[in-house]
Amino acid sequence: MYAVVCREYGPPNVLEYIEWPEPEPQPGEILIRTEAVGLNFVDTMRRSGRHPSPPPLPFIPGIELCGQVVAVGDGVDRFSPGQRVIGRCVTHGACAELVCVEARFAVPCPEELNSVEAASVFVTGQTAFHALHTAGHLQSGQTVLVTAAGGGVGLWAVQLARAAGATVIAAAGSDGKLAEAATFGAQITVNYRQPGWSEQVNEATDGKGVSLIVESVGGEVFQQSLNCWAAGGRMVIYGEASGTPGVLTGDQLLFGNRSVQGLAVGTVIENEPLMRSTMEALLELIRSGTVRVPTGTVLPLREAAQAHSLLESRQVKGKVVLLP
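Under this note's numbering, residues 2 to 325 are what the sequence shown spells out, in order.
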């Protein structure tokens, strides 16, 4: 088979598209013939070595995919060969023509989803869901600020927050991304490359600020978002795409009765019953037409290096998906 392989940590061009031994499913695993791979920002962190726990070299990057079951390992009775599934690799391994996934991290793929859509739900959708609900405790009638609102998780968060009855303020770094967020339901949009954007948020909320900030940029965007954070508000941090962590003081929490929580969705997904109930909720929202899967750039798997470059440039709208 062919796979994308990382032999050394570094920039996108360290990724190679080469022949690689075919995996065999171990007990509890299913072997999937890949139809599509969803790229996530954490994949770029693991490739570059910036992740706190990068995989040992060499490794195949990628964690989110859909495809058809080819074989099952001992003890697997939930799936059978020929079945289409959506799945997640624990830390890496999805960017290949054949991929082994633990059966507990896979769900049946609805017929109404095409391959690109199906590869854009498991990690991206659950990240947005848990940022808003599990970590963010979002309530109907509240106002939420979503940074990086034009990306895959951001567009999911915009829709899920609207579905929960919240007012959504989308923040992104280009007018094109803001227009995209608006088509997905954001009522208010602000460009965080423009000075004074947090003042626009305060004006839009009559000076109250936002109840919840869903943040994944870090750096100056993080710092500015603190200026429109309501007293008693919450912040959920699920990334730092700028490469610079945000800085927060204890006083900013203490005297505003505010709280912050980090979200590494992989840890949440370890709870299989929670994962399955979340996926069922997301898929039902898709079936009902309440949300639509935010797809974006689609490239061949052999162009994984270019895909990583595009994602790191923060110029893409929606999800980046690779096709074998």
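Even for Gly, the Cβ is constructed at its ideal location relative to N, Cα and C. Please read all numbers here as calculations on a predicted model, not as lab measurements.
By the neighbour-count criterion, in which 16 or more other beta carbons inside 10 Å mark a residue as buried, Ser81 falls on the exposed side.
In the three-state reduction of the DSSP assignment, Asn258 falls in the coil class. By the criterion of a C-beta distance shorter than 8 Å, Leu58 is surrounded in its chain by Cys7, Arg8, Glu9 and Tyr10, once the five residues flanking it on both sides are discounted. The continuous stretches of alpha helix (DSSP H) do not include Gln316, and DSSP gives it neither H nor E.
With three or more CB-CB distances shorter than 8 Å, the region 240-256 counts as touching the region 220-230. Looking at the backbone, the Cα of Gly137 and that of Ala165 are separated by about 12 Å.
According to the DSSP secondary-structure assignment, Glu273 is paired through a beta bridge with no residue. Between Lys320 and Gly151, the C-beta spacing is not below 7 Å. Closest by C-alpha distance to Ser212, out of Val169, Ala180, Met276 and Val222, is Val169. Fewer than three pairs of CB atoms, one per stretch, sit closer than 8 Å, so the region 88-103 makes no contact with the region 230-245. For the options Thr148, Phe106 and Met236, the alpha carbon positioned closest to that of Glu271 is the one of Phe106. Across the structure, Thr296 and Ser121 are spaced so that their CA atoms are roughly 7 Å apart. Per DSSP, the unbroken beta strand (DSSP E) holding Met236 starts and ends at Trp230 to Ile238. Per DSSP, Pro12 has no beta bridge partner at all. Beta-bridge partners assigned by DSSP to Gly152: Gly319. Assigned with DSSP and collapsed to three states, Glu304 falls in helix. Gly88 is bridged by DSSP to Leu66 and Ala107.
Put simply, of Phe42, Arg47 and Leu114 the residue whose alpha carbon is nearest the alpha carbon of Gly290 is Leu114. At a Cβ-Cβ threshold of 7 Å, Gly94 and Pro28 do not count as neighbours. In this chain, the alpha helix (DSSP H) harbouring Ser116 covers Ser116 to Ala119.
Taken in chain order, the unbroken stretches of alpha helix (DSSP H) that lie wholly in the region 35-83 and span 4 residues or more are 42-49. With distances taken between CA atoms, Leu300 lies nearest to His309 out of His309, Gln84, Val292 and Arg293. When the beta-carbon positions are compared, Arg85 and Cys110 come within less than 7 Å of each other.
Of the other Cβ atoms in all chains shown, fewer than 16 fall within 10 Å of the Cβ of Thr184; this residue is therefore exposed.
Secondary structure of Thr190 (DSSP, three-state): strand. Counting every other CB atom within 10 Å of its CB across the protein chains shown gives Ser217 a total of 16 or more, marking it as buried.
The C-alpha of Ala158 is placed about 14 Å away from the C-alpha of Ala282. Here the alpha carbon of Gly233 sits roughly 44 Å from the alpha carbon of Arg79. Your pair Leu264 and His131 checks out as a contact, with CB atoms roughly 6 Å apart and the cut at 8 Å.
Secondary-structure assignment with DSSP links Cys7 through a beta bridge to Leu16 and Phe60.
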